[in-house]
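The listed protein sequences correspond, in order, to chains L and U. When we follow the numbering used here, the leftmost residue of the first sequence carries the number 1, and every step to the right adds one. When we follow the numbering used here, the leftmost residue of the second sequence carries the number 1, and every step to the right adds one.
Number of protein chains: 2
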Amino acid sequence: MRIGDLAQRAGTTTRALRFYESQGLLMAQRAPNGYREYDEDDLRLVTEIQTLQNIGFSLDDTRPFVECLRSGHESGDSCADSIETYRRKLAEVDGYLDRLTAIRAGIQTKLDDAQARQQGARP
Amino acid sequence: MRIGDLAQRAGTTTRALRFYESQGLLMAQRAPNGYREYDEDDLRLVTEIQTLQNIGFSLDDTRPFVECLRSGHESGDSCADSIETYRRKLAEVDGYLDRLTAIRAGIQTKLDDAQARQQGARP
DNA sequence: CCTTGCCTTGACGCTCGCGTCAAGGATTAC
DNA sequence: GTAATCCTTGACGCGAGCGTCAAGGCAAGG
């Protein structure tokens, strides 16, 4: 299939697919006229990228999964690098959660203080 | 004091201060030679901006606090707009927390699944 | 007078993941 | 034949918050 078809089937745009290619994530066969040609494996690859993007992975983070798929594995996370990326991301997310929790507490405290002052100032 | 002094005392850079000015957050008097001149109130203003930035507020979010200070209030969160911004930010942070928690669970599940497959594949 | 170190404005660079023209070639539908 | 719809590469835009030159003015020390 051609790039427009793949984009439609994957629910994305041709621009995104070309961008993935520029990042070395997606390689296409070329037809004699220069058009990119994709197969079902490429669709699975794009789907994998999208799934990971949706859970906050950067494009670069999806690389191990994509290479895992390309090396013949049945799923993108059947390789050590992918597992390692999962772990790294988990730790990253935990860090964000800690920071956000602390920030939430800080804002809440500031809000409470400000309201207490407002109350105290009122006669 | 001049911009370099203010930057040093606030622990930031002259570039940041000029940027705040370009965003309408910080106004400076001008000396006859064109140099910016700041006073202690400006330092407090910059400090307020930094405090809010540290808890994830965008520069734009700090605007109500800055204007509250400039309108003569003793603290930046003594105005209704600031309180409202606190609330908005709290809700925003809660949204991030929800999303992150869901994402964390998703990654954990994927990791568990992948490891289970790895185990199952091993004889 | 010369150097050093402050200050001025202006403008481009950076990250990320594409969106959005632009200019042109290929294919398909009528 | 020709209009509409694909495809190609290339290049700029965006948003946030500055960093980093560039080119020059002003002030102070020796």
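Built from N, CA and C at the ideal position, the CB exists for glycine as well. In this text, all values refer to a predicted model and were calculated from it rather than measured experimentally.
{"Asked": "Neighbourhood of L:M27 by C-beta distance below 8 Å, restricted to the same chain and skipping five residues each side", "Found": "E21"}
{"Asked": "Beta carbon of U:R44 nearer than 8 Å to that of U:E37", "Found": "no"}
{"Asked": "Residue range of the unbroken alpha helix (DSSP H) whose run includes L:G4", "Found": "3-10"}
{"Asked": "Enclosing alpha helix (DSSP H) for L:F19 [first to last residue]", "Found": "14-22"}
{"Asked": "Alpha helix (DSSP H) segment containing U:D60, residue limits", "Found": "59-70"}
{"Asked": "For U:Q53, the residue or residues it bridges with in DSSP", "Found": "Bridge partners of U:Q53: none, in fact."}
{"Asked": "Short CB-CB distance (under 8 Å) between L:L111 and chain U", "Found": "yes"}
{"Asked": "U:G56 at chain L interface by Cβ criterion, 8 Å", "Found": "yes"}
{"Asked": "Residue-chain proximity (L:S22, chain U), Cβ-Cβ < 8 Å", "Found": "no"}
{"Asked": "Alpha carbon of U:E67 to alpha carbon of U:G76, nearest angstrom", "Found": "8 Å"}
{"Asked": "Interface residues of the region 93-108 of chain U facing chain L [CB-CB below 8 Å]", "Found": "V93, D94, Y96, L97, L100, T101, I103, R104, G106, I107, Q108"}
{"Asked": "Nearest-angstrom Cβ-Cβ length linking L:I55 and U:K89, presumed shorter than 8 Å", "Found": "Contact flag wrong, Cβ pair sits at about 24 Å."}
{"Asked": "Helix, strand or coil at U:E37 [DSSP, three-state]", "Found": "strand"}
{"Asked": "Nearest residue (CA-CA) to U:A16, options U:E40, U:Q50, U:D94, U:Y35", "Found": "U:Q50"}
{"Asked": "Supposed close pair U:S78, L:A114 - CB separation, criterion 8 Å", "Found": "7 Å"}
{"Asked": "Presumed contact (8 Å Cβ cut-off) between U:G4 and U:T14, rounded CB distance", "Found": "6 Å"}
{"Asked": "Same chain only: Cβ atoms within 7 Å of U:R117, ignoring 5 sequence neighbours per side", "Found": "none"}
{"Asked": "Short CB-CB distance (under 8 Å) between L:R117 and chain U", "Found": "yes"}
{"Asked": "Cβ-based burial, L:R2 [other Cβ within 10 Å; buried from 16]", "Found": "exposed"}
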